[in-house]
Amino acid sequence: NLPKIAWIGLGIMGSPMAENLIKAGYSVTGFTLEQDKLDRLAKAGGTAAASIAEAVRDADVVLTMVPASPQVEAIAYGPDGILENAKSGALLIDMSSITPQTSIDLAKSAAEKGIRVLDAPVSGGEAGAIEAVLSIMVGGDQADFDEAKPLFDALGKTIVLCGPHGSGQTVKAANQLIVAVNIQACAEAVVFLEKSGVDLAAALDVLNGGLAGSTVLTRKKDNFKNRDFKPGFRIDLHHKDMGIVTDAARTVGAALPVGSVVANLVASLRAQGDGGLDHSALLRGVERLSGQ
Ligand code: NAD
4 NLPKIAWIGL GIMGSPMAEN LIKAGYSVTG FTLEQDKLDR LAKAGGTAAA SIAEAVRDAD
64 VVLTMVPASP QVEAIAYGPD GILENAKSGA LLIDMSSITP QTSIDLAKSA AEKGIRVLDA
124 PVSGGEAGAI EAVLSIMVGG DQADFDEAKP LFDALGKTIV LCGPHGSGQT VKAANQLIVA
184 VNIQACAEAV VFLEKSGVDL AAALDVLNGG LAGSTVLTRK KDNFKNRDFK PGFRIDLHHK
244 DMGIVTDAAR TVGAALPVGS VVANLVASLR AQGDGGLDHS ALLRGVERLS GQ
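Residue numbering for the sequence shown follows full-length UniProt numbering, starting at 4 and increasing by one per position.
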């Protein structure tokens, strides 16, 4: 007797995640803005809905995966939104990466309608979504986490309740800080190695076996080598995340001396028209600064 699922937001991440739930036996009704993504859901065995209201009406659990806080607010609030149309007693799991405060406010508003909320942003990228090995960082109540755990198990591998509402988002903000700084360091090493005339493939292989090794280097090695910046994870989204972590760190009085520089480098790439590229395109910024 599996819960009935509604899925809102079937993009790079949402589509493969929803498909993993279908593979695990769940009945999934979805809504998203692009018709081709709705067709893809139907082809995978899900049901395409014509609106958010239609998608969530009979759902026991509503999962959302949209770009940022304004989109979460747009799909949650208002007469056509989730809170107005989902059943009282439903569980809303927002897996988008948004500001912790938006998650806290959403949980409060939803409670007035008898709807429970978890913030459950993820890390692991498109590959992690497809392979169902995401890290899922959760904020909310233990009982709701326990109820959602079988769903999370169908989507990810490392699944942790981090604390109350908003905590998942705070941990995700830290994740994005680490990833951006890591990509920037790798990008600087790539330009340095190439300008020095060292074979890049050999260098990256041996680096990845030592303390310099990382998931970023493993996953983004080919993007660096081939200058393949097809997303993946768009610079626009990482710019949003650097804004989230910068604001949250300022609020609690944590210094980000290197993170704030990398946030500026991400912003600069975006200003130069590279917002739609994968975040491994931080390499482009280093090349420009190096006169390449
Ligand atoms: P995406 O742009 O590919 O997909 C977003 C989806 O949201 C689109 O299909 C769009 O139709 C839908 N959407 C937006 N507004 C909507 C609305 N009002 N009603 C219904 N649907 C709406 O983005 P993505 O890469 O899948 O990222 C989604 C979230 O996951 C973001 O918060 C991102 O930061 C986070 N994330 C992405 C990755 C990654 O590698 N791409 C990894 C981890 C986390």
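Beta carbons are placed, not taken as given, at the ideal position from N, Cα and C, and that holds for glycine.
This structure is a prediction, so every number in the text was calculated from the model and none was measured.
Would you mind working out which of Val255, Arg43, Ile25, Pro124 sits nearest Thr161, comparing C-alpha positions? It is Pro124.
At a threshold of 7 Å, does Ser283 count as lining the ligand NAD (C-beta to nearest heavy atom)? Checking every heavy atom of the ligand NAD against the Cβ of Ser283, none is found closer than 7 Å.
Check the C-beta distance from Met140 over to Ala183 and give it rounded, since I have them as a contact under 8 Å. Met140 to Ala183, Cβ: 17 Å. No contact.
Would Ala58 and Ile11 qualify as a contact pair, given that the criterion is a beta-carbon distance under 8 Å? Going by C-beta atoms, Ala58 is nearer than 8 Å to Ile11.
Nearest to Val219 by CA position, among Pro260, Ala252, Leu285, is which residue? Leu285 is the residue among Pro260, Ala252, Leu285 whose C-alpha sits nearest the C-alpha of Val219.
Would you check if the segment 20-29 and the segment 78-91 touch, i.e. whether three or more CB-CB distances between them fall below 8 Å? Taking a contact to require three or more Cβ pairs closer than 8 Å, the segment 78-91 and the segment 20-29 do not qualify as touching.
Could you say which of Val64, Ala110, Ser99, Ser54 lies nearest to Gly84 if we only look at CA atoms? Residue Ser54 is the option with its Cα nearest to Gly84.
Taking the Cβ atom as the reference point for each residue, do Ser100 and Lys46 lie within a distance shorter than 8 Å? No, they are not a contact pair.
DSSP three-state assignment for Asp42, whether helix, strand or coil: Note: Asp42 maps to helix in three-state DSSP.
Go to Asp244, then tell me how far its alpha helix (DSSP H) extends in each direction, as first and last residue. Counting along the chain, the alpha helix (DSSP H) containing Asp244 begins and ends at 238-255.
Of the choices Gln187, Ala257, Asp42, Thr102, whose alpha-carbon is the least far from that of Ser217? Relative to Ser217, the option among Gln187, Ala257, Asp42, Thr102 whose CA is nearest is Gln187.
Beta-carbon within less than 7 Å of Asn226's beta-carbon, same chain only, minus the 5 sequence neighbours each way: which residues are those? For Asn226, where only same-chain residues beyond five positions count, the Cβ hits under 7 Å are Phe232, Asp281, Ser283.
Please classify Asn267 as buried or exposed, where buried requires at least 16 neighbouring CB atoms within 10 angstroms. The Cβ neighbour count for Asn267, taken over all protein chains shown within 10 Å, is under 16; the residue is labelled exposed.
Going by other Cβ atoms of all chains shown within 10 Å of its Cβ, with 16 needed for buried, is Gly127 buried or exposed? Buried is the call here.
Report yes if the C-beta distance between Val120 and Gly143 is below 8 Å; otherwise report no. Annotated as proximal: Val120 and Gly143, with beta-carbon spacing under 8 Å.
In terms of alpha-carbon separation, which member of Leu94, Ala157, Ser138 lies closest to Ala146? The candidate whose alpha carbon is nearest that of Ala146 is Leu94.
Identify every run of the alpha helix (DSSP H) within the segment 50-101, keeping only runs that are complete inside it and at least 4 residues long; order them along the chain. Taken in chain order, the whole alpha helix (DSSP H) runs of length 4 or more contained in the segment 50-101 are 55-59, 72-79, 85-88.
Pull up the distance between the alpha-carbon of Thr249 and that of Ser263, whole angstroms please. In this structure, the straight-line span from the alpha carbon of Thr249 to that of Ser263 is close to 7 Å.
Can you tell me whether Pro82 sits near the ligand NAD, meaning its C-beta is under 7 Å from at least one heavy atom of the ligand? No, Cβ of Pro82 sits at least 7 Å from all heavy atoms of the ligand NAD.
By DSSP, does Val293 sit in helix, in strand, or in coil? Looking at the sequence shown, residue 293 is not Val but Ser. For Ser293, the secondary structure class from DSSP, reduced to helix, strand or coil, is coil.
Can you tell which of Ser138, Thr35, Val163, Gly159 has its C-alpha closest to the C-alpha of Asp149? Distances from the alpha-carbon of Asp149 to those of Ser138, Thr35, Val163, Gly159 put Val163 closest.
Please list, in chain order, all residues of the same chain as Gly49 whose beta carbon is under 7 Å from its beta carbon, the five residues on each side excluded. Here the set comprises Ala21, Ile25, Val31, Thr32, Gly33.
Within 10 angstroms of the Cβ of Lys224, are there 16 or more other Cβ atoms? Answer buried if so, exposed if not. The residue is buried, with at least 16 neighbouring Cβ atoms inside 10 Å.
When the Cα of Leu196 is compared with those of Lys228, Ala177, Gly213, Pro167, which residue comes out closest? When only C-alpha atoms are compared, the closest one is Lys228.
How is Leu203 classed by DSSP in three states: helix, strand or coil? In this structure, Leu203 counts as helix in the three-state DSSP scheme.
Hey, is Gln74 close to the ligand NAD, as in C-beta under 7 Å from one of its heavy atoms? Under cutoff, so the answer is yes.
If I measure Cβ to Cβ from Leu272 and keep anything under 7 Å in the same chain, skipping five residues before and after, which residues do I get? So the qualifying residues of the chain are Ile238, Ala284, Leu285, Arg287, Gly288.
Is Gly171 near the ligand NAD, going by C-beta to nearest heavy atom under 7 Å? No, the Cβ of Gly171 stays beyond 7 Å of every heavy atom of the ligand NAD.
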